[in-house]
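Beneath this line is the structure, given in structure tokens, with notes to follow.
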Amino acid sequence: MPIPDLTLQQLRAVRTLAASGSFTKAAAVEHISQSVLSRRIKEVERLLRVRLFDRTTRQLDITAAGQAFLLMTGAVLDDMDMRLSRFMSYVAAQSGTIAVAALPSVAAAVLPDMMRGFMLDHPEVEFEIIDGAADEVVERLESGTAELGLTARGDLPDGFCFEPLLQEQLYGVAHHSHPWSARSSISWPDFTGETVVATRPGTSIRAITDAAFSKYSISVSHHFHACSAATIRGLLRAGVGVAALPALELRGFGLDDLVAVPVDAPGATRVIGVMYHCSRNLSPVAARFLDFMHATEIDPPRGVSRVHEGHTGEPDTSSNAGAQLAE
Numbered sequence: 001m002p003i004p005d006l007t008l009q010q011l012r013a014v015r016t017l018a019a020s021g022s023f024t025k026a027a028a029v030e031h032i033s034q035s036v037l038s039r040r041i042k043e044v045e046r047l048l049r050v051r052l053f054d055r056t057t058r059q060l061d062i063t064a065a066g067q068a069f070l071l072m073t074g075a076v077l078d079d080m081d082m083r084l085s086r087f088m089s090y091v092a093a094q095s096g097t098i099a100v101a102a103l104p105s106v107a108a109a110v111l112p113d114m115m116r117g118f119m120l121d122h123p124e125v126e127f128e129i130i131d132g133a134a135d136e137v138v139e140r141l142e143s144g145t146a147e148l149g150l151t152a153r154g155d156l157p158d159g160f161c162f163e164p165l166l167q168e169q170l171y172g173v174a175h176h177s178h179p180w181s182a183r184s185s186i187s188w189p190d191f192t193g194e195t196v197v198a199t200r201p202g203t204s205i206r207a208i209t210d211a212a213f214s215k216y217s218i219s220v221s222h223h224f225h226a227c228s229a230a231t232i233r234g235l236l237r238a239g240v241g242v243a244a245l246p247a248l249e250l251r252g253f254g255l256d257d258l259v260a261v262p263v264d265a266p267g268a269t270r271v272i273g274v275m276y277h278c279s280r281n282l283s284p285v286a287a288r289f290l291d292f293m294h295a296t297e298i299d300p301p302r303g304v305s306r307v308h309e310g311h312t313g314e315p316d317t318s319s320n321a322g323a324q325l326a327e
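When we follow full-length UniProt numbering, the leftmost residue of the sequence shown carries the number 1, and every step to the right adds one.
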């Protein structure tokens, strides 16, 4: 026997009528006329080839077949109602999962406060945080495993948009015995002849320093390449070289045996923003979080300034900025 093609409206009509025991009450609950409700019930009975209700002028009783029908279809309706409720919450940007790929320093120093503020009004939202270097953030966005990327401004792949949020000051970092410890600021030429502890190619920091060294024809030695801030910190503490690092990377460094001096020169900043695929519609909750990141007030760490649309913030480059980064 073929399975009847019943609609959700018809299933709900049967359940509502059984619960209310009256066509008048059931029609009011369903917001339809009694005649429309009656036609729906009759159509269900016709398709099922069984009577679900016994009707008299004074009484309406559900049949044994009707009871069995409700028992077997009730779970379907309950499940559908639950799923529709979740979907409407998703559409209203009140639930869902936001997959964010972010630079490690941003994921650790900036993103937590933004997520906490957002979840005050969106407690059912879940976040998936994927931290990695700039090229890894792009890979996540291109593969679709992340919707939003918190990364540094750079060359945008085709089809991607970038909206700035923060600007960081770059610092020259070295062991406290280095001559830079007596300086209030340095410039790019001060790196000439130094052994630079560099991040690997493909990172946002490496792109900035390579561009600056090339522009000013600065010769440096790249004997050490590191992927993590912890490794760079260890190498600097061993006195094997110097590094150029943005403010957020120095958060939690602990500068007791290191010196961090602002690089006072063009290009000595890193702009952090949100990258996403322009041609793909963001999920409602991701779009809401993007708006929230632009609108929310934050207290930037030392050496970091807020960047609003159409405005480039000026980071703190005071001589004691580096010493207070770890506070």
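All C-beta atoms, glycine included, are put in the ideal place defined by N, C-alpha and C. Every value quoted in this text rests on a predicted model; they were computed, and no experiment measured them.
Look at ALA146 here: in three-state DSSP terms it is coil, with no helix or strand label.
DSSP lists no bridge partner for PHE191. Sixteen is the threshold: since fewer than 16 other Cβ atoms of the shown chains lie within 10 Å of the Cβ of GLU126, the residue is exposed. The C-beta of MET275 has 16 or more other C-beta atoms within 10 Å across all chains shown, which makes the residue buried. For PHE213, the enclosing alpha helix (DSSP H) has its first and last residue at 204-215. When C-alpha distances from SER185 are compared across PRO262, ARG302, VAL50, ALA26, the shortest belongs to PRO262. Shown here, ARG15 sits in a helix according to DSSP, grouped into three states. Residue environment: GLN167 is assigned as buried (16 or more neighbouring CB atoms within 10 Å of its CB, all protein chains considered). Here the C-alpha atom of ARG280 lies approximately 23 Å from the C-alpha atom of PHE118. Counting along the chain, the unbroken beta strand (DSSP E) around ASP54 starts and ends at 53-55.
DSSP, read as helix, strand or coil, puts VAL285 in helix.
Annotation: SER214 to THR192 spans about 11 Å, alpha carbon to alpha carbon. Contact fails between the stretch 167-181 and the stretch 282-296, because fewer than three Cβ pairs, one in each stretch, are under 8 Å apart. The way I'd put it, the stretch 240-260 doesn't touch the stretch 57-70; fewer than three beta-carbon pairs between them come closer than 8 Å.
For GLN167, no alpha helix (DSSP H) run applies; the uninterrupted beta strand (DSSP E) run containing it begins and ends at 160-175, by DSSP. If you look at ARG46, you'll find it in the alpha helix (DSSP H) that goes 34-48. According to DSSP, residue pairing for HIS277 in a beta bridge involves PHE160. When the Cα atoms are used, GLN9 and ASP121 turn out to be separated by approximately 33 Å. The three-state reading of DSSP puts VAL196 in strand, counting E and B together.
ALA26: member of the alpha helix (DSSP H) spanning 23-30, first to last residue. If you draw a 10 Å sphere on the C-beta of PRO300, you find 16 or more other C-beta atoms in it, and that means buried. Spanning the alpha carbons of SER38 and ALA75 requires a straight line of approximately 23 Å. In terms of Cβ geometry, ALA286 and LEU148 form a close pair [threshold 9 Å]. In the DSSP assignment, VAL106 falls within the alpha helix (DSSP H) that extends over 104-109. Spanning the alpha carbons of HIS176 and ARG206 requires a straight line of approximately 23 Å.
Of all alpha-carbon atoms in GLY303, LEU11, GLU45, ALA295, the one lying nearest the alpha-carbon of MET114 is that of ALA295.
Between the alpha carbons of ALA238 and ARG251 lies a gap of roughly 19 Å.
Note that the C-beta distance between ALA152 and CYS227 is not below 9 Å.
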